[in-house]
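Here is the structure we will look at, set down as structure tokens.
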């Protein structure tokens with residue numbers, strides 16, 4: 112229209128753009144009045160909304176050897192169609208949850224909790240919220256009277272069999288030097304692409320997720336965080352293999368080097384002393400994903416590439 116044409120003669124003028132945006136802070140006293148710090152490194156404060164993430168802790172230019180998955184415990188056993196919101200909820204934070212307790216300990220009142228989504232810049236909140244959806248069902252927990260399942264982010268710490276929040280159990284296993292595995296059914300990680308579903312899994316010390324099938328993007332995100340996605344083959348499943356979470360697990364076949372979609376061996380060692388070996392498909396699907404995993408994830412991989420350039 113004639114009106115739009117009149118405006119466009121100014122919008123397409125580079126001089127106008129440079130005049131308005133070349134030094135936009137000069138005429139912005141409110142922006143200039145905001146207190147700022149100087150230096151090349153951000154001075155992290157005690158905010159409960161944003162905190163320095165631990166993804167580069169202990170970083171070195173040489174990748175660590177591929178981690179062995181031996182003597183692992185099951186952190187959770189889940190059914191079909193576990194969504195990224197089950198894994199990393201974005202909604203409200205319960206005061207009695209690990210994330211709620213953390214906020215209370217840091218002088219945040221319940222009315223100011225806000226949501227997991229609003230606090231996604233603080234890994235301390237988000238890792239405590241991983242597998243903390245109020246509707247998630249961990250099949251490791253016994254069925255209640257009436258046949259219903261316990262809902263919420265709980266598990267059984269092994270070998271004690273003690274029920275506790277998944278976050279608390281994960282921290283206990285990390286303190287004991289024990290890797291953990293998550294088991295699931297079909298379509299694990301379905302739903303919206305939520306990066307914290309993979310980040311939180313890694314921060315809980317989970318070394319592998321073994322499922323009947325994966326949602327495409329979440330599988331890729333797990334590899335990007337250095338977590339092995341493995342897929343049951345054929346008719347194998349948690350049910351057919353009678354996995355109940357009391358076992359210890361090894362994943363063997365990684366030492367000789369990883370190739371896309373190779374078979375690795377899941378070793379199941381039961382409480383009664385028996386063991387079973389089951390081949391599972393390694394869902395690292397491409398050569399670049401092999402590199403990501405070798406470097407401990409995409410973040411250290413990219414940083415090493417940048418520093419070496």
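Numbering (the numbering used here), first residue to last: 112 to 420.
Built from N, CA and C at the ideal position, the CB exists for glycine as well.
These numbers were taken from a predicted model, which means no experiment stands behind them.
For residue 292, DSSP records a beta bridge to 185, 319.
Nearest in C-alpha terms to residue 375, of all of 382, 366, 381, is 366. Assignment of residue 359 by DSSP, reduced to helix, strand and coil, places it in the strand class. With 16 or more other CB atoms across the displayed protein chains lying within 10 angstroms of its CB, residue 238 is buried.
The segment 223-237 and the segment 160-178 touch, with three or more beta-carbon pairs separated by less than 8 Å.
If you draw a straight line from the Cα of residue 219 to the Cα of residue 226, it is about 13 Å long. The Cβ atoms of residue 409 and residue 371 lie no closer than 8 Å to each other. Bounds of the alpha helix (DSSP H) holding residue 306 are 306-314. Here the segment 329-344 lies against the segment 387-407, with 3 or more beta-carbon pairs under 8 Å apart. With respect to residue 266, residue 251 sits close: the two C-beta atoms are nearer than 8 Å. In terms of CA proximity to residue 413, 170 leads the group 132, 269, 215, 170.
Distance from the CA of residue 416 to the CA of residue 263, rounded to the nearest whole angstrom, comes to 41 Å. Here residue 254 is exposed, its C-beta having fewer than 16 other C-beta atoms within 10 Å. Taking C-beta atoms under 8 Å as the contact rule, residue 324 and residue 284 fail to qualify, at a distance of about 26 Å. In the DSSP secondary-structure assignment, residue 374 is bridged to 392. For residue 247, the closest of 386, 261, 329 by C-alpha to C-alpha distance is 261. The DSSP-derived three-state label of residue 348 is coil. Residue 400 and residue 320 do not touch by the CB rule: their CB atoms are close to 14 Å apart, not below 8 Å.
For the pair residue 291 and residue 316, the CB atoms are nearer than the 8 Å cut-off. From the listed residues 378, 197, 297, the smallest Cα separation to residue 304 is found for 197. Looking at 420, 368, 363, the one whose alpha-carbon comes closest to that of residue 388 is 363.
Between residue 148 and residue 140, the CB-CB gap reaches or exceeds 8 Å. Looking at 199, 296, 118, the one whose alpha-carbon comes closest to that of residue 347 is 296.
Contact annotation: residue 156 and residue 209 have beta-carbon atoms that are not nearer than 8 Å.
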